[in-house]
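Undergrad:
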Amino acid sequence: MEVTGTATPVAGVTAFLSVYEDGVLHSILGPDLPGFITAPLTPDPDVEGHSLNFTLPIDLEEGSDVDLVVNIDPLNSIAETDEGNNTGSLNDLVFECRETPEIVYTAINYTAAAEPDPSTLGLPDPDLIAAGNGDDFVFGIYPFPDDRSQYHAGPFPPLNWNQDVDTSYTDLLNFLEDCRQVINPVPKFLYGWFRENPFFGNGVAISAPGNVGFGNTQTSPDRYQRTFAHELGHLFGLFHNSRDLAPDTGWDVENLLGLGKVMPGTKFDIMRGGLLTPEAWVDDITYEFFLDSECIDCTGDTGDFISEAPWVTLAFPRFGGETILN
Numbered sequence: 002m003e004v005t006g007t008a009t010p011v012a013g014v015t016a017f018l019s020v021y022e023d024g025v026l027h028s029i030l031g032p033d034l035p036g037f038i039t040a041p042l043t044p045d046p047d048v049e050g051h052s053l054n055f056t057l058p059i060d061l062e063e064g065s066d067v068d069l070v071v072n073i074d075p076l077n078s079i080a081e082t083d084e085g086n087n088t089g090s091l092n093d094l095v096f097e098c099r100e101t102p103e104i105v106y107t108a109i110n111y112t113a114a115a116e117p118d119p120s121t122l123g124l125p126d127p128d129l130i131a132a133g134n135g136d137d138f139v140f141g142i143y144p145f146p147d148d149r150s151q152y153h154a155g156p157f158p159p160l161n162w163n164q165d166v167d168t169s170y171t172d173l174l175n176f177l178e179d180c181r182q183v184i185n186p187v188p189k190f191l192y193g194w195f196r197e198n199p200f201f202g203n204g205v206a207i208s209a210p211g212n213v214g215f216g217n218t219q220t221s222p223d224r225y226q227r228t229f230a231h232e233l234g235h236l237f238g239l240f241h242n243s244r245d246l247a248p249d250t251g252w253d254v255e256n257l258l259g260l261g262k263v264m265p266g267t268k269f270d271i272m273r274g275g276l277l278t279p280e281a282w283v284d285d286i287t288y289e290f291f292l293d294s295e296c297i298d299c300t301g302d303t304g305d306f307i308s309e310a311p312w313v314t315l316a317f318p319r320f321g322g323e324t325i326l327n
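Residue numbers for the sequence shown follow the numbering used here, beginning at 2 and rising by one.
As structure tokens, then:
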């Protein structure tokens, strides 16, 4: 949010967001906490406090006629040269149904005698791979509902692997695929977790697209959550790229990773290889690929509802000047 016609930032700026479905008012929302910002002279999209952010209602149904109308300074509490330009809108937005794919995970009990790092032997920490931790990066960037029940442990004990994973990873992936096929019903994906990281890379997927992969639980340096999200990207059908987020800014809406909500443009896309968790997020190109993927198409046996907390950033206005809606 930017101000003009003043030599100092403007404090106490807020807004209301009106949401319409098929021309009918659905709700009027205030911005996320703290609810007010100090509008700077030169806004930085990588700074959360330079914009007003709104979480949309969870019960918006799919359709092609959702309108968002914003009113800045609705009580006219800030003196301006023009009070009539503080409204902007985004009209005819398309809200589409997406479903969360079933992702089964399994711990891998690694017992290879040839493994040079004994700290990687045995079972991974169960807390690191459980829902609400291991899957936080996935649910932060993928455009499907936050249905954590769709990420769950397999119906079998941890898998034993006594071969050097650096030379046997193809066999392991094929074994994981065999395990996926015996689950009834067969899940979309199966992902294996090692203790720490015995593999020469972060992890690996069987193919792009594909259905199984494995990764690490290394926390120092922190790479395990990002590895899972990255390998899942391969399973959706993506290959490596070298992109960063710029000129866009990413957002971890619920701050699932504890790194802050803002993901600056200097971070890399999730499909850049070899990164740590704090170095990556998702760019627009990859996000739209996920959004269009048949992996998350609604099949008709799920509800019409959108994700649990659709979210929008509105950056506007220039006080004393024009209203800008992004």
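Note that beta-carbon positions come from the ideal geometry of N, C-alpha and C, so glycine has one too.
#1: Taking just the CA atoms, how far does residue 194 sit from residue 128?
#2: Between the Cα of residue 275 and the Cα atoms of 77, 205, 56 and 185, which residue gives the shortest distance?
#3: Per the DSSP calculation, residue 149 is bridged to which residue(s)?
#4: Shortest alpha-carbon distance to residue 176 belongs to which of 242, 144 and 161?
#5: Kindly give me the distance between the Cβ atoms of residue 267 and residue 197, rounded to whole angstroms, as I take these residues to be in contact under 8 angstroms.
#6: Between which two residues does the beta strand (DSSP E) containing residue 190 stretch?
#7: Roughly how many angstroms separate the alpha carbons of residue 348 and residue 245, rounded to a whole number?
#8: At which residue ranges does the stretch 8-35 contain complete beta strand (DSSP E) runs of 3 or more residues, listed in the order of the chain?
#9: According to DSSP, is residue 294 helix, strand or coil?
#10: Which word fits residue 32, buried or exposed, when buried means at least 16 other C-beta atoms lie within 10 angstroms of its C-beta?
#11: Quick one: any contact between the stretch 273-291 and the stretch 247-258, if contact means 3 or more CB pairs under 8 angstroms?
#12: In chain order, what residues of the same chain have a beta carbon less than 8 angstroms from the beta carbon of residue 189, not counting five sequence neighbours either side?
#13: What is the rounded straight-line gap between the Cα of residue 70 and the Cα of residue 98?
#14: Roughly how many angstroms lie between the CA atoms of residue 68 and residue 56, to the nearest whole one?
#15: Counting only the same chain and skipping the five closest in sequence on each side, list residues whose C-beta sits under 6 angstroms from that of residue 149.
#16: Would you mind working out which of 8, 92, 11 and 10 sits nearest residue 18, comparing C-alpha positions?
#17: Suppose the cutoff is 7 angstroms on Cβ atoms and the five residues either side in sequence are ignored; what does the same chain contact list for residue 185 look like?
#18: Using the Cα positions of residue 5 and residue 140, report the straight-line distance between them to the nearest angstrom.
#19: To which residues does DSSP link residue 94 through a beta bridge?
#20: Comparing alpha-carbon positions, which option in 138, 125 and 183 lies nearest residue 159?
#21: Residues bridged to residue 264 by DSSP?
#22: Going by alpha carbons, who is nearest to residue 21 out of 62, 53, 35 and 8?
#23: Rounded to whole angstroms, what is the Cα-Cα separation between residue 26 and residue 87?
#24: What does DSSP give as the partner residues of residue 89 in its beta bridges?
#25: Using three-state DSSP, classify residue 50 as helix, strand or coil.
#26: Determine which residues share a DSSP beta bridge with residue 105 and list them.
#27: Using the C-alpha atoms, what's the distance from residue 264 back to residue 38?
TA: Straight from the coordinates:
#1: Here the alpha carbons of residue 194 and residue 128 stand approximately 12 angstroms from one another.
#2: Measuring from the Cα of residue 275, the nearest candidate turns out to be 205.
#3: Residue 149 is not bridged to any residue.
#4: Restricting attention to 242, 144 and 161, the CA atom closest to the CA of residue 176 is found in 161.
#5: About 28 angstroms separates the two Cβ atoms, so there is no contact after all.
#6: Run containing residue 190: 190-194, per the beta strand (DSSP E) assignment.
#7: The first residue shown for the chain is 2 and the last is 327, placing residue 348 beyond what the model contains.
#8: 11-14, 16-22 and 25-30
#9: coil
#10: buried
#11: Yes, the stretch 273-291 touches the stretch 247-258.
#12: 102, 103, 104, 212 and 296
#13: 22 angstroms
#14: 15 angstroms
#15: 132
#16: The shortest C-alpha separation from residue 18 is found at 92.
#17: none
#18: 38 angstroms
#19: 67
#20: Put simply, of 138, 125 and 183 the residue whose alpha carbon is nearest the alpha carbon of residue 159 is 125.
#21: 251
#22: 62
#23: Distance between residue 26 and residue 87, taken at the CA atoms: about 19 angstroms.
#24: 71
#25: helix
#26: Residue 105 is bridged by DSSP to 153 and 191.
#27: 19 angstroms
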